[in-house]
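Order-wise, the sequence lines are chains A and B. Counting from 49, one number per residue, gives the positions in the first sequence under my numbering. Counting from 49, one number per residue, gives the positions in the second sequence under my numbering.
Protein chains: 2
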Amino acid sequence: MVGIVDVAKMAKVSTATVSRVLSNNMNVSSKTRDRVLKAVNQLEYKPNRLASNLRKMSSKTVMAVVPDITNPFFSSILQGFKDVALEFGYHVLLGDTGNSLEQERDYINLVKERVVDGLILATARLPKEEILAASQEIPVVLACEYMDGFDIPTVSIDNVSAGREAVEHLIRLGHRRIGMITGPLDVILSKDRVKGYYQALNLNEIPIEGVLIQEGNFSVTSGYETMLKLLALKDPPTAVFATNDEMAVGAMKAIKQRGLQVPNDISVIGFDDIPLCGLVEPELTSVSQPRYDMGYQAMQMLLSIIKKEELTRNQIVLPHRLMLRDTCCKRPSPML
Amino acid sequence: MVGIVDVAKMAKVSTATVSRVLSNNMNVSSKTRDRVLKAVNQLEYKPNRLASNLRKMSSKTVMAVVPDITNPFFSSILQGFKDVALEFGYHVLLGDTGNSLEQERDYINLVKERVVDGLILATARLPKEEILAASQEIPVVLACEYMDGFDIPTVSIDNVSAGREAVEHLIRLGHRRIGMITGPLDVILSKDRVKGYYQALNLNEIPIEGVLIQEGNFSVTSGYETMLKLLALKDPPTAVFATNDEMAVGAMKAIKQRGLQVPNDISVIGFDDIPLCGLVEPELTSVSQPRYDMGYQAMQMLLSIIKKEELTRNQIVLPHRLMLRDTCCKRPSPML
DNA sequence: GACAATTTTGTAATCGATTACAATCCGGTT
DNA sequence: AACCGGATTGTAATCGATTACAAAATTGTC
Numbered sequence: 049m050v051g052i053v054d055v056a057k058m059a060k061v062s063t064a065t066v067s068r069v070l071s072n073n074m075n076v077s078s079k080t081r082d083r084v085l086k087a088v089n090q091l092e093y094k095p096n097r098l099a100s101n102l103r104k105m106s107s108k109t110v111m112a113v114v115p116d117i118t119n120p121f122f123s124s125i126l127q128g129f130k131d132v133a134l135e136f137g138y139h140v141l142l143g144d145t146g147n148s149l150e151q152e153r154d155y156i157n158l159v160k161e162r163v164v165d166g167l168i169l170a171t172a173r174l175p176k177e178e179i180l181a182a183s184q185e186i187p188v189v190l191a192c193e194y195m196d197g198f199d200i201p202t203v204s205i206d207n208v209s210a211g212r213e214a215v216e217h218l219i220r221l222g223h224r225r226i227g228m229i230t231g232p233l234d235v236i237l238s239k240d241r242v243k244g245y246y247q248a249l250n251l252n253e254i255p256i257e258g259v260l261i262q263e264g265n266f267s268v269t270s271g272y273e274t275m276l277k278l279l280a281l282k283d284p285p286t287a288v289f290a291t292n293d294e295m296a297v298g299a300m301k302a303i304k305q306r307g308l309q310v311p312n313d314i315s316v317i318g319f320d321d322i323p324l325c326g327l328v329e330p331e332l333t334s335v336s337q338p339r340y341d342m343g344y345q346a347m348q349m350l351l352s353i354i355k356k357e358e359l360t361r362n363q364i365v366l367p368h369r370l371m372l373r374d375t376c377c378k379r380p381s382p383m384l
Numbered sequence: 049m050v051g052i053v054d055v056a057k058m059a060k061v062s063t064a065t066v067s068r069v070l071s072n073n074m075n076v077s078s079k080t081r082d083r084v085l086k087a088v089n090q091l092e093y094k095p096n097r098l099a100s101n102l103r104k105m106s107s108k109t110v111m112a113v114v115p116d117i118t119n120p121f122f123s124s125i126l127q128g129f130k131d132v133a134l135e136f137g138y139h140v141l142l143g144d145t146g147n148s149l150e151q152e153r154d155y156i157n158l159v160k161e162r163v164v165d166g167l168i169l170a171t172a173r174l175p176k177e178e179i180l181a182a183s184q185e186i187p188v189v190l191a192c193e194y195m196d197g198f199d200i201p202t203v204s205i206d207n208v209s210a211g212r213e214a215v216e217h218l219i220r221l222g223h224r225r226i227g228m229i230t231g232p233l234d235v236i237l238s239k240d241r242v243k244g245y246y247q248a249l250n251l252n253e254i255p256i257e258g259v260l261i262q263e264g265n266f267s268v269t270s271g272y273e274t275m276l277k278l279l280a281l282k283d284p285p286t287a288v289f290a291t292n293d294e295m296a297v298g299a300m301k302a303i304k305q306r307g308l309q310v311p312n313d314i315s316v317i318g319f320d321d322i323p324l325c326g327l328v329e330p331e332l333t334s335v336s337q338p339r340y341d342m343g344y345q346a347m348q349m350l351l352s353i354i355k356k357e358e359l360t361r362n363q364i365v366l367p368h369r370l371m372l373r374d375t376c377c378k379r380p381s382p383m384l
């Protein structure tokens with residue numbers, strides 16, 4: 049393996065000079081620079097990053113922690129991460145927790161061992177305090193989930209408002225019995241969207257009924273199964289709001305299977321606006337999040353923190369948007 | 049930051065001993081081991097991996113190169129990669145090429161700079177020779193794409209046979225005019241599936257017609273658009289085989305939009321068997337690949353190569369399976 | 001041409017864990 | 001008690017690039 053000393057020897061300079069040419073580039077006469085560069089090319093010298101990393105105390109690598117890469121929502125975020133990272137010469141380590149709390153915690157240790165310089169959490173199952181503690185010791189940015197009252201660097205949408213707006217849309221269409229299929233209630237994001245649901249009902253003076261709120265786990269089948277429960281009620285909802293698109297599609301399956309129609313009998317709204325929305329029939333109305341952008345901005349923020357730059361803002365709320373498609377319509381005339 | 053010397057001091061041993069306790073664990077008396085471990089815990093010592101990496105000349109990290117993480121097929125493979133890697137204490141760097149040849153090449157350099165110990169390519173746009181050259185210098189495993197006649201470590205399915213079987217299924221149902229929507233023809237995988245198409249037609253003495261073969265780019269819209277072209281033929285096909293599910297779904301959209309029915313008017317088969325297949329209507333018949341398993345085995349192979357273990361086989365062909373669903377049926381009675 | 005100011009280059013310490021090699025310890029044997 | 005062999009521990013070199021500091025070279029000024 050050819051090292052920096054070989055280059056130095058060939059160019060008849062010291063290793064310091066070679067290093068200078070290859071990094072800062074300042075304070076080297078163009079004559080010697082050329083000589084060094086020629087040697088570098090001739091020997092096909094590639095600096096050993098392991099050595100460089102040790103000396104600089106940085107791995108130039110960050111970790112992206114997501115609950116499940118297989119989910120198109122998160123894979124888009126990842127892409128945002130990667131593009132910024134690349135731009136600044138950083139690499140992205142893949143951290144898929146498979147929704148395990150343990151693994152989430154393990155990843156925090158990687159920073160302490162200097163395997164990575166920082167962390168982006170696109171999932172937050174860990175207790176707030178633990179995350180807060182970590183964020184004070186090491187560079188961490190939270191993507192997707194906003195933690196009320198904690199000053200942790202965050203990029204997210206306003207999930208409460210997004211939830212409220214989705215439900216208000218249904219109310220505006222005349223619906224009064226509105227079912228909600230939520231994700232696991234131990235993740236903040238789910239709680240926030242339920243909060244939005246409450247707000248919408250309260251604003252419109254519609255009484256809240258516990259049975260109309262069902263907990264799923266973000267999977268298609270959980271959407272299917274919880275929808276069956278809602279349909280089994282003596283007085284089933286005329287509209288359903290699911291906190292992600294997969295569950296919404298599962299719900300649609302259940303509705304159709306019971307011989308009912310979407311949206312004529314029951315309206316459905318999803319969340320995330322993944323490509324799937326345009327592929328099912330009828331096409332699914334959904335709340336769109338700027339997922340790529342969230343990833344992009346979160347990584348920008350993380351790298352700023354790593355470089356100890358001053359942050360203008362350390363909490364960014366991005367806009368969401370209700371994408372109207374074909375799964376919502378006026379409430380069927382009530383048969384009083 | 050607490051280092052190994054601090055631990056050594058506290059435990060009143062040398063750094064060598066501390067290191068021994070933390071790694072090999074052999075040849076250390078239990079008395080001193082306990083003492084060291086106590087110090088490690090008390091000081092919350094975390095070894096600095098950067099130093100360790102330099103000394104051991106290994107980053108304990110590998111890179112997974114995929115064309116597009118957003119594609120559920122590749123994200124599943126990634127998960128397979130990650131699970132094996134984790135098991136052996138390795139990390140996975142995310143390499144998304146966005147189908148760019150340049151980036152694919154850049155990633156090879158990362159090994160030379162020792163940023164990663166090895167590479168898994170789940171895409172192979174680079175010329176065969178270049179990949180072969182790389183594989184002789186550094187640990188590389190090819191996932192998904194099998195290169196004829198080159199002895200490069202590979203995990204894949206038999207794309208030729210898979211393509212042939214899909215088309216034969218259509219022929220068995222009575223179809224004789226069978227359209228093919230293929231992925232970009234510069235990737236081996238596409239070529240192989242087309243080869244299978246040819247074989248099936250030849251075996252059944254059906255003449256091959258160039259216009260029936262259309263090139264897409266794996267996207268839904270490309271499937272939609274190429275299907276429109278097929279439908280515009282004077283004598284359109286009664287069945288279509290797409291080399292991935294997204295294009296198949298795009299084709300279904302086009303068919304329905306023209307007022308035709310799937311499968312009654314036109315049968316459709318996709319490839320990959322991603323979850324989407326079960327969500328569209330009618331549910332899509334597709335060739336299933338063991339994607340997680342491919343990732344899993346490819347990573348096992350790569351780690352073996354890195355550790356310079358003897359490989360029993362360095363080319364693995366995994367089984368595929370035609371998943372019958374609702375998009376194929378007998379050819380509509382020909383109106384002669 | 002002498003001297004100061006500045007630029008360019010070199011020397012050697014440094015990052016922190018690992019490990020080859022040397023030293024020491026300990027129990028058993030004669 | 002002397003000695004041996006194996007187990008345990010310590011010393012110091014090592015990985016290869018970076019960089020603080022020192023030295024040398026160059027430029028400019030009078």
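Quick reminder that beta carbons are idealized off the backbone N, C-alpha and C, glycines included. Given the structure is predicted, the values throughout are model-derived calculations rather than measurements.
In chain order, 108, 109, 133 place their CB closer than 7 Å to the CB of residue 139 of chain B, counting only its own chain and leaving out the 5 sequence neighbours on each side. Under the three-state reduction of DSSP output, residue 296 of chain B falls in the helix class. Listed in chain order, the non-local C-beta contacts of residue 66 of chain A below 6 Å within the same chain comprise 52, 55, 56, 84, local neighbours out to five positions each way being set aside. Contact annotation: in the stretch 133 to 153 of chain A, residues whose CB is within less than 7 Å of a CB in chain B are 139, 140, 141, 142, 144. Chain order gives no chain A residues near residue 355 of chain B, where near means a beta carbon separation below 9 Å; the closest approach is about 18 Å.
In this structure residue 296 of chain A is buried. Its beta-carbon is surrounded by 16 or more other beta-carbon atoms within 10 angstroms. In this structure, residue 375 of chain A lies near residue 316 of chain A, with their beta-carbon atoms less than 8 Å apart. Closest in alpha carbon position to residue 59 of chain B, among B:106, B:291, B:87, is B:87. Of the candidates A:149, A:112, A:187, A:277, the residue whose Cα lies closest to the Cα of residue 350 of chain A is A:187. Contact check for residue 327 of chain A against residue 302 of chain A fails: the beta carbons are separated by 8 Å or more. Within chain A, 94, 95, 96, 97 have C-beta atoms less than 8 Å from the C-beta of residue 161 of chain B, given in sequence order.
A residue is called buried once 16 or more other Cβ atoms fall within 10 Å of its Cβ, and residue 260 of chain A is buried on that count. For residue 307 of chain B, same chain residues with a beta-carbon under 7 Å away, outside a window of 5 residues either side, do not exist. Taking a beta-carbon distance threshold of 8 Å, residue 201 of chain A does not count as an interface residue toward chain B. Note on geometry: alpha-carbon atoms of residue 334 of chain A and residue 268 of chain B lie some 19 Å from one another. Pairing residue 156 of chain B with residue 342 of chain B gives a Cβ-Cβ distance that is not under 8 Å.
Residue contact check for residue 295 of chain B against chain A: no CB pair falls below 8 Å. Chain-ordered listing is empty here: chain B has no CB closer than 7 Å to the CB of residue 274 of chain A, the nearest sitting near 17 Å. For secondary structure counted as the alpha helix (DSSP H) over 4 or more consecutive residues, the stretch 101 to 167 of chain A holds these complete runs in sequence order: 120 to 135, 149 to 160.
Residue contact check for residue 124 of chain A against chain B: a CB pair falls below 8 Å.
Proximity of residue 188 of chain A to chain B, defined by a Cβ-Cβ separation below 8 Å, is not satisfied.
Residue 74 of chain B is outside the set of residues whose beta carbon lies under 8 Å from a beta carbon in chain A. What residue 105 of chain A touches in chain B, judged by beta-carbon distance under 8 Å, is 98, going in chain order.
Taking 8 Å as the cut-off, the Cβ atoms of residue 225 of chain B and residue 286 of chain B count as close.
Taking a C-beta distance under 8 Å as the contact criterion, residue 318 of chain A and residue 265 of chain A do not qualify as a contact pair.
Listed as beta-bridge partners of residue 336 of chain B by DSSP are B:320, B:369. In this structure, residue 210 of chain B sits near residue 368 of chain B, with a CB-CB distance shorter than 8 Å.
Cβ-Cβ separation between residue 161 of chain B and residue 97 of chain A: approximately 5 Å, consistent with a contact (criterion under 8 Å).
The DSSP-derived three-state label of residue 190 of chain B is strand. Put simply, the backbone Cα of residue 284 of chain B is about 21 Å away from that of residue 293 of chain B. Leaving aside the five residues that flank residue 243 of chain B on each side, the residues in its chain whose CB is nearer than 6 Å to its CB run, in chain order, 208.
For a Cβ distance threshold of 9 Å, nothing in chain A lies close to residue 330 of chain B: the least Cβ distance comes to about 10 Å.
Here residue 300 of chain A is buried, its C-beta having at least 16 other C-beta atoms within 10 Å. DSSP places residue 195 of chain B outside both helix and strand once states are collapsed to three, so it counts as coil. Straight across, the Cα-Cα distance linking residue 339 of chain B with residue 377 of chain B is about 27 Å.
Residues of the same chain with a CB within less than 6 Å of the CB of residue 353 of chain A, apart from the 5 flanking positions on each side, are 187 in chain order.
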